[in-house]
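Asks:
In the working numbering, the protein residues as written are 73 to 204.
Given below as structure tokens:
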């Protein structure tokens, strides 16, 4: 658990049942931070995150870096006229990097909370089975 490989189907189904019993543990919907994919990935792997958004941010960072490199080249030809493009690319890259760091931190925190609560819930389920 807590990795990118799929866990055993029994564990996956237990996580689904756990979340259905504890919907308050799922953060409010947010397209870039907490969406249906983050829930599905947690159920399948024990890691709360979205690979689509991470890919989008990575692609945006690559695009920003390309624009920055092109802007530097343009500045050698255009001089100060290229400065707004360079500044825009730098700001875009910085914003995407900050968003990625923020998401990674939130996903790690949410993964820990969900896994800790899931473990407690599983222990409670085992006690019910022993009593029955």
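Ideal Cβ placement from N, Cα and C applies to all residues, glycine included.
Since the model is a prediction, treat every value here as computed from it, not as a measurement.
Identify every residue that forms a DSSP beta bridge with residue 102.
Replies: Note: residue 102 sits in a beta bridge opposite 106.
Asks: If the criterion is Cβ atoms closer than 8 Å, does the pair residue 185 and residue 97 meet it?
Replies: A contact, by the Cβ cut-off of 8 Å.
Asks: Using a Cβ-Cβ cutoff of less than 6 Å, which residues in the same chain neighbour residue 84 once the five nearest sequence positions on both sides are dropped?
Replies: 115 and 116.
Asks: I need the boundaries of the alpha helix (DSSP H) containing residue 87, first residue and last residue.
Replies: 81-93 is the span of the alpha helix (DSSP H), which, as asked, contains residue 87.
Asks: Select from 191, 181, 196 and 189 the residue whose C-alpha is nearest the C-alpha of residue 120.
Replies: Comparing Cα-Cα distances from residue 120 to each of 191, 181, 196 and 189, the minimum goes to 181.
Asks: Helix, strand or coil: which one does DSSP assign to residue 112?
Replies: In this structure, residue 112 counts as helix in the three-state DSSP scheme.
Asks: On the CB-based measure, 16 or more other CB atoms within 10 Å of its CB, does residue 192 come out buried or exposed?
Replies: With fewer than 16 Cβ atoms within 10 Å of its Cβ, residue 192 is classed as exposed.
Asks: I need the DSSP call for residue 123, collapsed to helix, strand or coil.
Replies: Three-state result, residue 123: helix.
Asks: Considering only the alpha carbon of each residue, which of 179, 196 and 197 lies closest to residue 107?
Replies: Of the candidates 179, 196 and 197, the one whose C-alpha sits nearest the C-alpha of residue 107 is 179.
Asks: Taking DSSP as the reference, what is the three-state secondary structure of residue 196?
Replies: If DSSP states are grouped into helix, strand and coil, residue 196 belongs with the helices.
Asks: Expressed to the nearest angstrom, what Euclidean distance is found between the alpha-carbon atoms of residue 175 and residue 92?
Replies: Going by the C-alpha atoms only, they are around 24 Å apart.
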